[in-house]
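Chemist: Just dropping this structure here.
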Amino acid sequence: LIHLRYLNLSETEIKALPNSITKLQNLQTLELSSCGELIGCPADIFKKLTNLRSFDARDTLLWLPSGIGQLTSLHKLTYLGICMDKWGKKKTAKLSDLKNLNNLRGSLEIEFISEINDPIHEAKEA
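For the sequence shown, the positions run 1 to 126 when the UniProt record's numbering is used.
Shown next, in the form of structure tokens:
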């Protein structure tokens, strides 16, 4: 599986991504849309998946670690918003974490931006 480039777990009842997903260093596309049961992923997932070009987490309760800014090869990011962890606590990916994602193309939809403490400051930092 080390050569796997495309992984689609969309619309599954997966509860957490296993730590072993970080070994898929050739992975270019990770689709997690509509995984309503998903509550977590390995903390270093974005540090290890440096070849990821497309990440889709639409309609998924997913905590995006601040390391998302390390995905400098990312061309497509679908869904970045406010999510709840399993204890009902908000986990927010900061807009400033996106400043190194210079290869993003198209549009970026940010849901629940009103929940960000200072969205204008965050946008300027990005």
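Where a beta carbon is used, it is the ideal one built from N, C-alpha and C, also for glycine.
Applying the 10 Å Cβ sphere with the 16-neighbour rule, what's the burial state of N19?
Modeler: On the sequence shown, position 19 is the one that residue 19 refers to. Classification of N19: exposed, given that the 10 Å Cβ count is below 16.
Chemist: Quick one: using the 10 Å Cβ neighbour count with 16 as the cut-off for buried, is L1 buried or exposed?
Modeler: By 1-based counting over the sequence shown, the position of residue 1 is 1. Exposed, because fewer than 16 other Cβ atoms sit within 10 Å of the Cβ of L1.
Chemist: Apart from the five residues just before and just after T50, which ones in its own chain have a Cβ nearer than 8 Å to its Cβ?
Modeler: As a position in the sequence shown, residue 50 is number 50, starting the count at 1. Closer than 8 Å at the Cβ level, and outside the excluded window around T50, lie Q25, Q70, L71, T72, S73.
Chemist: Starting from K76, trace the beta strand (DSSP E) both ways and give me its first and last residue.
Modeler: Your numbering for residue 76 matches position 76 in the sequence shown. Element bounds for K76: 76-78.
Chemist: Tell me, please, which residues DSSP counts as bridged to N8.
Modeler: By 1-based counting over the sequence shown, the position of residue 8 is 8. DSSP, once it has assigned bridges, lists E31 as partnering N8.
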